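Enquirer: Residue numbers (UniProt numbering), protein chains in the order written: chain Z, 1 to 260; chain G, 1 to 260. Beta carbons are placed, not taken as given, at the ideal position from N, Cα and C, and that holds for glycine. Being a predicted model, the structure only gives us computed values, none of them experimental.
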DNA sequence: GCTCCTTGTTGCACCTGCCGCAACGGCGTG
DNA sequence: CACGCCGTTGCGGCAGGTGCAACAAGGAGC
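Written as structure tokens, this is what we have:
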């Protein structure tokens, strides 16, 4: 909507990847050198970026402060953290927490294992809807109009040989998720990584987030991960309960409960 | 420089304080409601803010991700962290690390103690130059032209009865710092908090940062804090060494060393 | 049921303030 | 010494940000 703010945000993403020179940023943004400079100056004033000793621009100190505050505002993250850490300790794999954020699904937290390869995901990033386990775990339990809206215009780009590349196949995958209760990513984004994921529900019984266990196929294949679903179920049930969710009794499994 | 980016940064600060409504933000910015909305939408698109369940706007998840990356770019912080944590464990008070960042001094890291009152400082925030211990510890060892530039237009606002309110007194304070090797904040900003601070030097023997120990007067007065200066000296010397600083031999204590 | 309030959204006209350009100076490197 | 890179400044043009008004939708309160 607002061009210059959009550009400023792009600058943040650029210098987050690695500190960059003013000329490089101007080139990547496709704007004149002086324009990039003015943007950078404003951002530096605000402490969001900073000029480093080597002359390149990097992220600013203020970001760390804002993030500290932000973490306090993330009720979900705060609530889920202990459960995620426990899961991480017990399964020894990378754990992700992703949540619905408007019409997108974003990574909200991540537990990494010491010595493990870093995965592509970053906190705050949008999840690739048609490949990630967490997105399937969430989408499978959304009303169809929500799914429709979120997938509108979505490109089913092939990243590996197992990527789901069309809507009908994806719908079948969601149906499978609903049936068995968990979602999988069978090396659909990176051919060396796979994962299992399960949904998290809130007090209104809506699925608002999902937790996944990701591993390198070399260290644990899908079959091994499936063996971890009981552990994962325990984790997601715990988080859901902390969010105020109440396990449905047999009589409340019908749609009548919607009337509270 | 760039108005809309400046506003966007203000928005970030506003919602960092607490989640706010669109109308509130518009009022604080002094702009029309629709303008504020457009700014917010752009920021939300970038993940820097987000619309919360209660309709108010808060900080976005992407900030947490950016901050993770940012922390990796902060060499000083990375290097100093272990020493600060150790100091925190040993003195049981709040520990600050502040650094020169262009023509400002900003908090770079902070060790809080469980159960302690939260202090005003936030990572990334500019230090109040005439009251903070860290700023005196840094300014006392800067070339006079740098001090001049940084204090240009600075207001010596009184925050408590002990605040230094004019330049000559401040210069005398800096001289005292040079003499005894550490700086103090005698309840100059908040009447219930005081601190001691010492400088950190880099490989070129320049003072680039400072570490402070802050406490509530009720829990430890200035006299008690002064007793901690040996511990503080150990910490700053350790960080300085990690930055490549070499303790000066007796013959290099004269100004000749400036010629390297 | 009703109203009142807040918010999201859209269209439009105005004009601010951002953009691109060019030129100069400083600094470090080859 | 030349060259490249960067910061800075002034200026004209115009894109795009801004303010305004009007409407719809949702919620709270009565």
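1) Hey, out of Z/166, Z/32 and Z/65, whose CA is closest to residue 17 of chain G's CA?
2) Helix, strand or coil for residue 194 of chain Z? Go by DSSP, reduced to three states.
3) Okay, do the segment 176-183 of chain Z and the segment 134-154 of chain Z touch, 3+ Cβ pairs below 8 Å being the bar?
4) So, is residue 77 of chain Z buried or exposed, given that buried needs 16 or more other C-beta atoms within 10 angstroms?
5) Quick one: which residues of the segment 17-28 of chain Z get their C-beta closer than 7 Å to a C-beta of chain G? List them in chain order.
6) Using only the alpha-carbon positions, how far apart do residue 251 of chain Z and residue 159 of chain Z sit?
7) Go ahead and pull the three-state DSSP assignment for residue 57 of chain G.
8) For residue 6 of chain Z, decide whether its Cβ has a neighbour in chain G, counting only Cβ atoms nearer than 8 Å.
9) Per DSSP, which one or two residues make a beta bridge with residue 199 of chain Z?
10) State buried or exposed for residue 253 of chain Z, treating a residue as buried only when at least 16 other CB atoms are found within 10 Å of its CB.
11) Residues of chain Z with a CB under 7 Å from the CB of residue 123 of chain G: which are they?
12) So with Cβ pairs under 8 Å, would you call residue 103 of chain G a contact of chain Z?
13) Any beta-carbon of chain Z closer than 8 Å to the one on residue 214 of chain G?
14) Is the beta carbon of residue 84 of chain Z sitting closer than 8 Å to the one on residue 123 of chain Z?
15) Verify the CB distance criterion: does residue 80 of chain Z have a CB-CB separation below 8 Å to chain G?
16) Does DSSP put residue 25 of chain G in a helix, in a strand, or in coil?
17) Since residue 100 of chain Z is in the beta strand (DSSP E), which residue starts that stretch and which ends it?
18) Any idea what DSSP makes of residue 80 of chain Z, helix, strand or coil?
19) Secondary structure at residue 18 of chain G, three-state DSSP: helix, strand or coil?
20) Counting contacts by CB-CB distance shorter than 8 Å, is residue 55 of chain G in contact with chain Z?
21) Taking only the alpha-carbon atoms, compute the straight-line gap between residue 215 of chain G and residue 81 of chain Z and give it to the nearest angstrom.
22) Name, please, each residue of chain Z whose Cβ falls closer than 9 Å to the Cβ of residue 218 of chain G.
23) Name the two residues that bound the continuous beta strand (DSSP E) containing residue 137 of chain Z.
24) Give a yes or no on whether 8 Å exceeds the smallest Cβ distance from residue 41 of chain Z to chain G.
25) Residue 298 of chain Z and residue 163 of chain Z: beta carbons closer than 8 Å?
26) Keeping to the same chain, check which residues put their C-beta closer than 8 Å to that of residue 193 of chain G; ignore five residues upstream and five downstream.
27) Within this structure, are the beta carbons of residue 121 of chain G and residue 96 of chain G separated by less than 8 Å?
28) With a threshold of 8 Å, are at least 3 pairs of Cβ atoms found where one atom belongs to the segment 42-61 of chain Z and the other to the segment 34-46 of chain G?
29) Below 7 Å on C-beta distance, what does residue 48 of chain G contact in chain Z?
30) Which first and last residues belong to the beta strand (DSSP E) in which residue 105 of chain Z is found?
31) Give me the Cα-Cα distance between residue 23 of chain Z and residue 4 of chain Z, rounded to the nearest whole angstrom.
32) Measuring alpha carbon to alpha carbon, tell me which of Z/68, Z/128, Z/241 and Z/26 ends up nearest residue 154 of chain Z.
33) Strictly under 8 Å for the Cβ-Cβ distance: is residue 153 of chain G near chain Z by that measure?
Expert: Based on what the coordinates show:
1) Z/65
2) strand
3) yes
4) So residue 77 of chain Z counts as buried.
5) 19
6) Residue placement at residue 251 of chain Z is flagged as unreliable, the pLDDT there being 38, under the threshold of 50; the coordinate-derived value follows with that caveat. Distance between the alpha carbons of residue 251 of chain Z and residue 159 of chain Z is about 43 Å.
7) strand
8) yes
9) Z/210
10) Legend: pLDDT at residue 253 of chain Z = 37, less than 50; position of this residue unreliable, value from coordinates given subsequently. The residue in question, residue 253 of chain Z, is exposed, as its Cβ has fewer than 16 Cβ neighbours within 10 Å.
11) 61, 64, 65 and 68
12) no
13) no
14) No, Cβ-Cβ distance for residue 84 of chain Z and residue 123 of chain Z is not below 8 Å.
15) no
16) helix
17) 94-101
18) helix
19) The answer is coil: DSSP assigns residue 18 of chain G none of H, G, I, E or B.
20) no
21) Computed Cα separation, rounded: 30 Å.
22) Chain Z residues near residue 218 of chain G: none, gap ~25 Å exceeds 9 Å.
23) From DSSP, residue 137 of chain Z is part of no beta strand (DSSP E) but of the alpha helix (DSSP H) over 133-139.
24) yes
25) The displayed coordinates of chain Z run from 1 to 260. Any statement about residue 298 of chain Z would go beyond what the structure contains.
26) 119, 185, 187, 214, 215, 216 and 217
27) yes
28) Because the criterion of three Cβ pairs below 8 Å is not met, the segment 42-61 of chain Z and the segment 34-46 of chain G do not touch.
29) 9
30) 104-111
31) 18 Å
32) Z/128
33) no
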